[in-house]
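>
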Amino acid sequence: MFIVTGATGHLGRGIVQHLSIRVSPERIRASVRDPGRAEGFSDLGVDVRRGNFADPAALAEAFDGAKQILIVSADKLGEEALSLHRAAIAAAREAGARRILYTSHMGAREDSPFAPAAQHWTTERNLQAIGIPFTALRHGFYAESCLHMIGDGLKVGELRVPEDGPVSWTARADLAEADAAILASDGGWDGITPPLTSREALTMAELAAIASEVLGREVRHTVVSDNEWVMAKIASGMPAIYAEMLLGSFRAARRGDFAETDPLLGKVLGRSPISMRDIIAATVR
18 MFIVTGATGH
28 LGRGIVQHLS
38 IRVSPERIRA
48 SVRDPGRAEG
58 FSDLGVDVRR
68 GNFADPAALA
78 EAFDGAKQIL
88 IVSADKLGEE
98 ALSLHRAAIA
108 AAREAGARRI
118 LYTSHMGARE
128 DSPFAPAAQH
138 WTTERNLQAI
148 GIPFTALRHG
158 FYAESCLHMI
168 GDGLKVGELR
178 VPEDGPVSWT
188 ARADLAEADA
198 AILASDGGWD
208 GITPPLTSRE
218 ALTMAELAAI
228 ASEVLGREVR
238 HTVVSDNEWV
248 MAKIASGMPA
258 IYAEMLLGSF
268 RAARRGDFAE
278 TDPLLGKVLG
288 RSPISMRDII
298 AATVR
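Quick note on my numbering: the sequence shown kicks off at 18 and runs consecutively.
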């Protein structure tokens, strides 16, 4: 049995859909916090069970009979995220899983100024200590996160951002498809993967230039101070904790944490990954 957690999220749902093409749907189980949101899975023939990292009893039932479990990282910060990941890993071990897969992040390192990257690094260490085969899928930085950060700027024609560095922005849909392919494979993926990324790493200045071409109008790139950027985000309604977290991504990018690219994603997909040019173009159609 292949288990996918967080299966009603954008990434998890995509993984389940692609996995159902590669293996018999009867061999797939979607572990979700709210089964009422798992519409469509039953039509595919996928088993749906309630699974919550914070509920050991439910998680044990969701993981029962697992051969491989793909743990989609929790959308939380700090110790809460780490605790939830530890609970999921422990439940996978207790269920007798032969392999645990985990959606990690490129640039994961203990001292990262980008809080999620530091959390992923710690969870990778916890996986290494569990004593069973694991695969840490080091995802490229989601292109959707980039659009979240610069979407308003694209509309008004100016990207007002802190000093940055190149980032290999990667489409979440590509990563979902690749995760499914790796999950369905017969092995050879033990340990931490090379970064699963798009073909190019881009700075904000380069994104502004691309957007200008795609939109047919100028999109300026203006560097502002870290504090000015955070204050503007908070003033627009973003909670301070998330504004500071996103600022951390700029700080990590400055030192090159997200600049690496690798051909692995394209090899797994059997095609070129979706480019940021295509993603920006799709947002204005």
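Every residue gets a Cβ at the ideal spot worked out from N, C-alpha and C, and that includes glycine.
Could you tell me the alpha carbon to alpha carbon distance between Met255 and Gly233, rounded to whole angstroms?
30 Å
> How would you label Pro290, buried or exposed, when you count the other beta carbons within 10 angstroms and need 16 or more for buried?
buried
> So, helix, strand or coil for Ser266, using DSSP?
Correct three-state label for Ser266: helix.
> If contacts are defined as beta-carbon pairs under 8 Å, then Glu277 and Thr220 qualify, I think. What distance do you get, rounded to the angstrom?
Actually they are not in contact, since the Cβ atoms of Glu277 and Thr220 sit about 14 Å apart, beyond 8 Å.
> Quick check: the stretch 192 to 204 against the stretch 259 to 277, are at least 3 beta-carbon pairs closer than 8 Å?
no
> Would you kindly work out how many angstroms separate the C-alpha atoms of Leu118 and Gly208, rounded to a whole number?
9 Å
> With DSSP as the reference, label Phe275 as helix, strand or coil.
coil
> Select from Arg272, Ala132 and Asp191 the residue whose C-alpha is nearest the C-alpha of Arg288.
Looking at Arg272, Ala132 and Asp191, the one whose alpha-carbon comes closest to that of Arg288 is Asp191.
> Taking 8 Å as the cut-off, does the stretch 71 to 83 touch the stretch 102 to 114 (at least 3 CB pairs, one atom from each stretch)?
yes
> Please identify the residue among Thr239, Ser185 and Val21 whose C-alpha is closest to the C-alpha of Pro280.
For Pro280, the closest alpha carbon among the candidates Thr239, Ser185 and Val21 is that of Ser185.
> With Arg30 as the anchor, note down where its alpha helix (DSSP H) starts and where it stops.
His27 to Arg39
> Buried or exposed for Thr304, going by 16 or more other Cβ atoms inside 10 Å?
The requested residue 304 does not occur in the structure, where the chain is confined to residues 18 to 302.
> Taking the CB atoms as reference points, tell me whether Gln136 and Ala114 lie closer together than 9 Å.
no
> Using CA coordinates, which residue listed in Val231, Ala112 and Ile147 is at the minimum distance from Phe19?
The shortest C-alpha separation from Phe19 is found at Ala112.
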